[in-house]
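Residue numbers (the numbering used here): 349 to 770.
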């Protein structure tokens with residue numbers, strides 16, 4: 349029998365214990381051995397939990413129990429889980445974690461520490477979608493040229509409601525909080541940080557690059573409004589928060605932000621709280637992975653998949669999917685300012701002669717040409733909202749142009765910008 353200890357028996361931890369009990373015969377048949385959760389560690393023993401396992405508030409009762417084979421870390425956070433996992437590995441215990449924040453900072457450290465001891469982390473990205481295994485195994489023959497993912501269900505739900513029903517960001521955020529999709533402090537989700545952590549994990553497998561959240565471009569959906577949505581609809585776009593990785597001329601581009609994306613693209617059709625990840629390989633072309641990105645049972649499904657694989661194999665494949673140095677070439681992270689994209693701009697300006705010409709002059713000065721332009725009336729009769737899409741240019745050039753436009757005498761507010769993803 350394989351004995352499992354769970355550290356963090358919250359929503360996901362309870363689901364793991366209950367599914368392993370409910371589907372015991374099926375899971376044992378697939379793993380080849382019986383798997384049993386023998387203990388769970390929690391912060392507060394007074395909180396009621398729907399599990400039939402012994403509980404403790406001392407994690408060392410799990411870490412120092414020589415009979416426990418696999419430690420499942422589901423407590424969240426970064427520093428404390430990192431120390432706990434290191435301690436488990438030092439005792440030769442296999443580890444399964446769903447902790448994306450921990451892995452965003454320490455995945456390469458843990459790979460080095462673990463050596464041949466397996467670490468599973470399928471549940472850290474996109475809940476029940478088996479994207480980690482797809483990259484490590486299913487697509488192992490492919491050079492990955494691009495990854496584009498809707499990896500945060502909260503943002504996807506909010507943008508879907510804003511597009512379909514015309515509600516404001518503030519209204520839909522309140523609704524998402526009431527439904528439990530968004531936290532009281534929603535910054536981690538709506539600010540793009542959750543999706544960025546997941547992107548960094550996938551980029552490590554696809555490209556072997558050890559970037560940290562601070563190294564990449566991260567923007568949230570807080571500034572998206574109905575003018576942006578109207579422009580998107582008029583020109584056949586949808587608005588999504590995308591996590592994007594691309595390999596371009598020996599450099600890796602990593603970024604998370606709202607995008608305008610053509611409605612006919614497969615990933616643009618993923619709505620509501622669902623997640624979807626498009627992966628483009630040089631052999632297979634584009635593949636799309638779709639499903640629930642969160643939730644107790646969906647995430648527990650991924651946790652248990654890792655447990656089963658560890659039990660089957662005795663040892664897992666290398667944590668980040670490669671046994672030798674990953675590339676003969678030295679891949680580097682493309683600096684944020686060198687990213688190239690098309691851009692959508694929203695500007696509130698005085699409704700007066702010469703304003704558009706002055707803005708076009710600024711854009712031209714920075715080598716930026718306009719592809720599409722619209723003018724909308726403003727609530728203030730003396731103001732107008734200008735909406736435009738540019739041709740491809742560099743990030744640093746559009747940012748310099750925006751700064752200059754904001755300082756023009758006829759500009760009345762900060763310029764809003766959304767990138768356009770081809």
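Cβ atoms here follow ideal geometry from the backbone N, Cα and C, with glycine treated the same way.
Just to confirm my understanding: we take residue i, look at its own chain, exclude 5 residues before and 5 after, and list those with CB closer than 7 Å. What are they?
i	result
residue 540	566, 567, 568, 589, 604, 605
residue 557	551, 600, 679, 681
residue 440	465
residue 768	607, 608, 689, 690, 691, 692, 737
residue 745	714, 715, 716
residue 578	none
Applying the criterion that 16 or more other CB atoms from any shown protein chain within 10 Å of the CB defines a buried residue, is residue i buried or exposed?
i	result
residue 545	buried
residue 755	exposed
residue 524	buried
residue 508	buried
residue 728	exposed
residue 739	exposed
residue 657	buried
residue 373	exposed
residue 622	buried
residue 772	The requested residue 772 is not part of the displayed model; the chain covers only 349 to 770.
residue 516	exposed
Using alpha carbons as the reference points, say which of the options lies closest to residue i.
i	options	result
residue 456	666, 475, 474	666
residue 552	708, 480, 648	480
residue 647	349, 593, 365	365
residue 472	449, 493, 492, 460	449
residue 413	726, 393, 388	388
residue 586	669, 614, 592, 538	614
residue 720	694, 498, 684	694
residue 563	732, 602, 433	602
residue 491	707, 730, 631, 649	631
What span of residues does the beta strand (DSSP E) with residue i cover, start to end?
i	result
residue 721	718-725
residue 595	585-596
residue 422	First-last for residue 422: undefined, no H or E at that position.
residue 608	599-610
residue 639	633-640
residue 617	Looking at the DSSP string, residue 617 is not in any beta strand (DSSP E), and its letter there is neither H nor E.
residue 496	492-498
residue 445	442-445
residue 555	Element bounds for residue 555: not the beta strand (DSSP E) but the alpha helix (DSSP H), 541-555.
residue 768	764-769
residue 353	350-355
residue 690	688-698
Over the uninterrupted alpha helix (DSSP H) stretch that includes residue i, give me the two end residues.
i	result
residue 736	No alpha helix (DSSP H) contains residue 736, which is instead part of the beta strand (DSSP E) from 731-738.
residue 670	That residue, residue 670, is in no alpha helix (DSSP H); it is neither H nor E in DSSP.
residue 429	427-438
residue 391	Where residue 391 is concerned, there is no enclosing alpha helix (DSSP H), given that its DSSP letter is neither H nor E.
residue 623	Note, residue 623: premise wrong, no alpha helix (DSSP H); beta strand (DSSP E) at 622-629.
residue 743	743-754
residue 363	359-370
residue 505	501-513
residue 452	448-462
residue 571	It is not in any alpha helix (DSSP H) - residue 571 carries neither H nor E in the DSSP assignment.
Output the distance between the C-alpha atoms of residue i and residue j, rounded to the nearest integer angstrom.
i	j	result
residue 760	residue 696	6 Å
residue 495	residue 702	43 Å
residue 407	residue 390	8 Å
residue 655	residue 418	8 Å
residue 532	residue 618	25 Å
residue 712	residue 514	34 Å
residue 381	residue 403	24 Å
residue 453	residue 560	6 Å
residue 659	residue 592	34 Å
residue 498	residue 766	16 Å
residue 386	residue 376	16 Å
residue 758	residue 716	20 Å
residue 549	residue 420	18 Å
residue 598	residue 616	28 Å
residue 651	residue 463	21 Å
residue 582	residue 610	11 Å
residue 724	residue 397	54 Å
residue 459	residue 438	13 Å
residue 547	residue 700	44 Å
To which residues of the same chain is residue i closer than 6 Å at the C-beta, ignoring the five residues directly before and after it?
i	result
residue 422	356, 360, 361, 446
residue 529	502, 505
residue 475	640, 641, 642, 646, 647
residue 415	351
residue 710	749, 752, 753
residue 595	493
residue 580	587, 608
residue 401	365, 385, 388
I'd like the list of long-range same chain contacts for residue i, defined as Cβ closer than 8 Å, with 5 residues on each side in sequence excluded.
i	result
residue 661	466
residue 405	389, 390, 391, 392, 393
residue 570	517, 538, 539
residue 482	627, 635, 637
residue 687	565, 601, 603, 742, 743
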